[in-house]
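Residue numbers (this note's numbering): 262 to 1411. C-beta atoms are modelled at their ideal positions from N, C-alpha and C, and glycine is treated no differently.
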């Protein structure tokens, strides 16, 4: 009985039950009862709730699922609508604004109020919205919801306040832009067509006013009917009927002819003098076959007919290829200029295109200079002023999704020299052949804010590429691109393991670890490989070191203590392996990829130094890596998965440790589990581990799990099913085929998907498989009862740092902190030689020292604070170029920067604080006593996806992102809740995999497969955000219309102006039916729109322009007054002279 009580006491002292934890809703973490706060720990916390506020800052990347396009030729800003209701407004670099319709309905069409600072959007829910662009964050002024008809097309004439709206029924309504109400003037479809016509003309697909006369409205119906409606007389001028459906119409600037594109791939030209038949019918990509029939072509979806002052007109259209050719052809944009026809092939389907012209007036010579082409997954601008039609270099980061994004990392407050160096190296990677002219979308204004510091975003992709982006000052610019696939030989079909991977994405990046100070960079790939890179300004011809690790652990072979006595825990590595034993097959003990064995020529930049790969065992692929950390000062690299932990000495290029997770506990397993039988060469768990090169392949126990990757230590693979739990093997029954464990015919690696498609499987014992896949709300318990099953314990997080390996240590040493999926924290002290010569020759020793503490849920994050509450950085080696020229007089030595806990706190004494955060809980412990000072239960009903210790407002806090969409911050070290905001009502799985916090109160996540959303949780940055954003609207004089001369005006060349107010106003047209549309006022009225322009700069600029205009007008008035005075004096003199001349004459003498 006494022994049993001792066992219970031991369990209670190491389990979470022995810690007095506050409830989830407590106001602050309370000191633990069993371990009172030491008297010498006094941290003055400065952060309060008022320091925190959630606010979206900027969105980068290509608009996801784009639908439409618009351009303001005077302001030179461009808008893109999307299927999810988003609007991206782009100007000069730095002017990039994202707005969202609350309804989420797709944006069908965009119309700028040219040079007015406003935008009209037509959405799929049949609602029109008027947006105010005279502020840094656009807002809706008015909305108009159509109840009985569906909107199909809109047209807003230049300098008009009346918007024409075509509907699916074929009717045309007119909306007053200022009041956003319908006019009583309606053009009904049955009045537009002939009474003899029996068929309905179809929806309105085109509306435009005649360049010659604004009182004439051209209406195009889908069926092929085109009508010109006289707005004054309310009659039809002419009707055109064509057999093929119409997709678009484009006027000649003189207003005498127009061009239509049709569904059969034809273009028709019509002259207003004779509308009975087209004056020209062309099939640009269709040929006449031998039997005389026309070759069938795809529809021409849009055509633009633009005149040029110095050359022949441009005819630009999309589509129209013959069906025979289009099978192997990509989407095309065709430019017909005179007799020359240029076909531009696109990588993606064309959504829409616009031709950019200098003049906003439709009745002037257009002189096009560029074509903006919006593709499904790209955005390009073609230069029309050069004969070879080059494209402009896009200044926006539209290629984030060039390969699907699989992981993200965010680094703020980087060393100031790292961005220029990466940019100089990356500049050599840029493509050439771009147009030399300036980017034509140059509207808006943007200035570099005062509070800017170097920030870098790193994205990993499915094809194995890694991109570095300059994210300083809320912009995003590509710095450098690294291709990790160049390290490996290309897989060839039919060559063993590589043959199975030919059609897959074996190089997809799962996680990255980067030290900006030492410039060491490490990536983890989906094929269970780790690549270490060093940065160099010089090219090199290098042999890549390849290490292979056998890290497989079988949870089936549970042995009894008596068997353990008869079977030693480890054997001689040189002992022969019995024939036929598992792992002796020719396909085993091989990695998934083959590293290049020859020396590789590497350009300046990041150069691969070493590759570590996990091996196949018993026909099973290695489990994907779930945790990674690298330390340049120690020269060590550590990674783990659901089988165990591997530590690599990358200076000596050896495997330092390779252990199963259970072996890390030694005799200190808090769950008192039975030891597992060794498969082959088991390493000793009690002593220090040291491996030579011939001991790289460690035969650990076999895994029963299919291919998986992990988030928070649990199987959450984008490419596989959840890890299967190992089952006891039945003696005498032969095993089925290994492939059935992954499902029938399942390849070892499925195609790596982007973070948009990645699944997060949530293993819950009490739920069904469906509930595990579809629900975030589940409870993971780390109690003893959950260990009764043969559950794998993953290594979920790793952290190198200076700490105290054991309770009795007086001085800090190098340590590796290990966190597992069962909430256990382990500490591994490391003995590293201090002299540089010894470091390169003498072995490093390390070994487990037992369990430090336990938490609820998987361990997510470690961080270290000194006793004053300041964050302790990990030690690092100062960067030196590995390929730089040698100086014989000054031998090169490693320069280490060490942030030891005892070096910065003489007043506080020795020791430091360790912050440990799991999915459910956070704890702060005092080292080396390992006393728990504070505990806070963060969530009970959900779990954390991300946790980071970050610096905000010259202090530090713990920032957490929960699966239920909440973003929380906790003070350190007291773990007092500072902020808890429900940011995302329903958390997206893609967001869950890519959300990351960084210093300065910033965070980011992948909001769509093509876009990165940045946000801030700092009140200070929220307050300064207005000054950091760009101005969309700048006061610009509207260009004056060209004077065409007396003769052209006399013969009807000039456009005839008319007063639309007389026709469409309430006095003349009456009120529209209330049931037809519902007006929804926005938060601001139109009368306040111009006054609400955001920013002091815009106000000053407008005031300056107004003063200049007033001064000019006053000057003109003064000149006119002087002229009038001179004229008056002259007239008075002449009148007096006439009076004197005729003074004495009679009336009949005059």
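- By the Cβ criterion, the region 424-431 is in contact with the region 457-474, since at least three pairs of Cβ atoms, one from each stretch, lie closer than 8 Å.
- Annotation: the region 1234-1270 contains the following complete segments of the beta strand (DSSP E) (minimum length 3 residues), in chain order: 1238-1243, 1257-1259, 1263-1269.
- The straight-line gap separating the alpha-carbon atoms of residue 1158 and residue 615 is approximately 56 Å.
- Residue state for residue 1145 is assigned as coil, using DSSP reduced to three classes.
- Taking a cut-off of 8 Å on C-beta distances, the region 767-774 does not touch the region 858-876, as fewer than three cross pairs fall below it.
- For residue 1322, the enclosing alpha helix (DSSP H) begins and ends at 1321-1325.
- Under the DSSP assignment, residue 681 falls in the alpha helix (DSSP H) whose first and last residues are 679-687.
- Each residue's CA atom was taken as its position, placing residue 1207 and residue 1221 some 6 Å apart.
- Per DSSP, reduced to three states, the secondary structure at residue 1377 is helical.
- In terms of Cα proximity to residue 648, the closest of 687, 473, 599, 360 is 599.
- In the same chain as residue 546, and ignoring 5 residues on each side of it, the C-beta atoms closer than 7 Å to its own belong to 526, 558, 581, 582, 583, in chain order.
- Excluding the 5 residues flanking it on each side, residue 512 has same chain C-beta neighbours closer than 6 Å at 472, 519, in chain order.
- Counting only residues of its own chain and dropping the five nearest sequence neighbours on each side, residue 1105 has a CB closer than 7 Å to the CB of 910, 917, 1091, 1092, 1093.
- In the displayed model, residue 1229 falls within a strand according to three-state DSSP.
- Counting along the chain, the unbroken beta strand (DSSP E) around residue 1275 starts and ends at 1272-1279.
- Taking one beta carbon from each stretch, the region 363-379 and the region 330-343 have 3 or more pairs nearer than 8 Å; the two touch.
- Under the three-state reduction of DSSP, residue 1395 is assigned to helix.
- Less than 8 Å divides the Cβ of residue 330 from the Cβ of residue 635.
- In the assembly as shown, residue 866 is a buried residue. Its beta-carbon has 16 or more other beta-carbons within 10 Å.
- The C-alpha of residue 877 is placed about 5 Å away from the C-alpha of residue 850.
- Exposed is the label assigned to residue 542, since fewer than 16 other Cβ atoms lie within 10 Å of its Cβ.
- C-alpha of residue 728 to C-alpha of residue 535: approximately 59 Å in a straight line.
- In the structure shown, residue 746 adopts helical secondary structure according to DSSP, grouped into three states.
- Residue 575 counts as buried, since at least 16 other C-beta atoms from the protein chains shown sit within 10 angstroms of its C-beta.
- Closest by C-alpha distance to residue 1237, out of 1183, 550, 1276, is 1183.
- Between the region 1262-1273 and the region 308-324, the count of C-beta pairs closer than 8 Å reaches three or more; the two stretches touch.
- Taken through DSSP and simplified to helix, strand or coil, residue 1334 comes out as coil.
- Scanning the region 553-601 from its first residue to its last, the whole alpha helix (DSSP H) runs of 4-plus residues come out as 584-587.
- The beta-bridge partner set that DSSP reports for residue 522 consists of 509, 528.
- Under DSSP, residue 333 takes part in a beta bridge, and its partners are 338.
- The straight-line gap separating the alpha-carbon atoms of residue 1145 and residue 1261 is approximately 35 Å.
- Annotation: the continuous alpha helix (DSSP H) that includes residue 453 extends over 450-453.
- Note that the C-beta distance between residue 645 and residue 632 is below 8 Å.
- Ranking 1059, 569, 1096, 597 by CA distance to the CA of residue 1085 puts 1059 first.
- Under the 10 Å beta carbon count, residue 571 is surrounded by fewer than 16 other beta carbons and is classified as exposed.
- Secondary structure of residue 1133 (DSSP, three-state): coil.
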